[in-house]
Amino acid sequence: MYWKDYVILTSDWIRGYSRYPSHMLGRQIGQPHRDPSARQHILVIAAHPDDETIGLGATIFRQMKKGASVNVVFTTNGRGWSWIAPHRVLTRIVSRRRREAETALGMAGIASDHIHCLGFPDRGLHRFLEPLTQEIQHLLQWLNPDLIYTQGFEGGHIDHDITSLVVQHEANLRGIPVYEWAEYNPEYGIGTPEITFPQKSHRFSQPLPQRLSSEEQWVKAIMLKCYASEEPAQQAVGQGETLRVSCPAALPLLVDEYYNPERNPTGHRYYPLMLRLLKK
Ligand SMILES: [Zn+2]
């Protein structure tokens, strides 16, 4: 971690925002339950409220229509850059994002008690690797999903890549199938209708572009509009959906592609951290 991480950690601890697990800003975990009548139990794990809709909204709607039980977990509270802001501002941001997630996912038919937030700080997931791993292990044991969707490891956002790496690793240990979704990355920006994963990662697992019906596109657009406070969600109206089967064996190579300073000068800061995660 860098000096700024220690400053934020200390500030958050003093203010009672990140005293894991008792005091975490935005943390909200529903009651454990598995709907016995569900056709399939699906777990969606995203870093921030809106990622699941940008990358997977139409697929979530499709799965709900088919009779699946879908639980959605956000690893961070989505407070944005504003860690130093006054208490009332931070709580307002986090509450608004929760409300927006409930409204958006409600459009797809997901009840609010199926929406969970671990409460780790937005843009600060790298400071909580051990608890994050434990939480993911616990969730997989608790919900015992048949299928997991998570964000692609695509060199886009550090919280996305950490969430993706931990989820893929833990699911693989338990033999649970995982699909990644493409959201945005250095090659394909947000809002791209034919969104896909970075070209250099195609050799590990082929992208699976999803053909969306007009109803699915329409519902996804409404879901995105529910995230009124989030510019990326507004920019993503019209974005397509592409999945790929998770390939855990590719993760060391992807970490090397996106984070090794010899290949990618912008990724070096988190390279040691990614290597640590891979060794788990
Ligand atoms: Zn995000």
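Numbering (the working numbering), first residue to last: 3 to 282. Don't be surprised by glycine CBs; every beta carbon is placed ideally from N, CA and C.
- The nearest non-hydrogen atom of ligand 1 is less than 6 Å from the C-beta of A49.
- C119: member of the beta strand (DSSP E) spanning I117 to F122, first to last residue.
- Taken in chain order, the complete beta strand (DSSP E) segments of 3 residues or longer contained in the segment 137–170 are 149–153.
- The bridge partners DSSP lists for P211 are T244.
- Leaving aside the five residues that flank F206 on each side, the residues in its chain whose CB is nearer than 6 Å to its CB run, in chain order, C249 and A252.
- Looking at the DSSP output, Y181 sits in a beta bridge with Y151 and V247.
- Excluding five sequence positions before and after K222, the CB atoms of its chain that fall closer than 6 Å to its own CB belong to G59 and A60, given in chain order.
- Sorting V247, S20 and E196 by C-alpha distance to the C-alpha of D124 places S20 at the top.
- Taking a C-beta distance under 7 Å as the contact criterion, N79 and G28 qualify as a contact pair.
- Judged by the Cβ position, D53 qualifies as a neighbour of ligand 1 at the 6 Å threshold, a heavy atom of the ligand being closer than this.
- Remark: C-beta atoms of K202 and E259 approach each other more closely than 7 Å.
- Taking a contact as a CB-CB distance under 8 Å, the pair L149 and I44 counts as one, their CB atoms being some 5 Å apart.
- In this structure, A184 lies near G154, with their beta-carbon atoms less than 7 Å apart.
- A residue is called buried when at least 16 other Cβ atoms come within 10 angstroms of its Cβ; E132 does not meet this threshold and is exposed.
- Around the beta carbon of Y181, a 10 Å sphere encloses 16 or more other beta carbons of the protein chains shown; the residue is thus reported as buried.
- Inter-segment contact for the segment 186–200 and the segment 239–248 is present: three or more beta-carbon pairs are separated by less than 8 Å.
- Partner residues in the beta bridge of R21, as assigned by DSSP, are H25.
- In the DSSP assignment, L127 falls outside any beta strand (DSSP E), carrying neither H nor E.
- The shortest C-alpha to C-alpha distance from E232 to any of G32, I56, I31 and Q30 is the one to I56.
- Beta-bridge partners of T78 (DSSP): F122.
- Per the coordinates, the alpha-carbon of P88 lies some 11 Å from the alpha-carbon of I95.
- If you draw a 10 Å sphere on the C-beta of L127, you find 16 or more other C-beta atoms in it, and that means buried.
- Residue pairing from DSSP places I47 in a beta bridge opposite V75 and T152.
- Residue burial annotation: D115 is exposed, with fewer than 16 other C-beta atoms found within 10 angstroms of its C-beta.
- Judged by DSSP secondary structure, P274 falls within the alpha helix (DSSP H) whose first and last residues are Y273 to K281.
- In this structure, V72 keeps its C-beta atom at 7 Å or more from the C-beta atom of I117.
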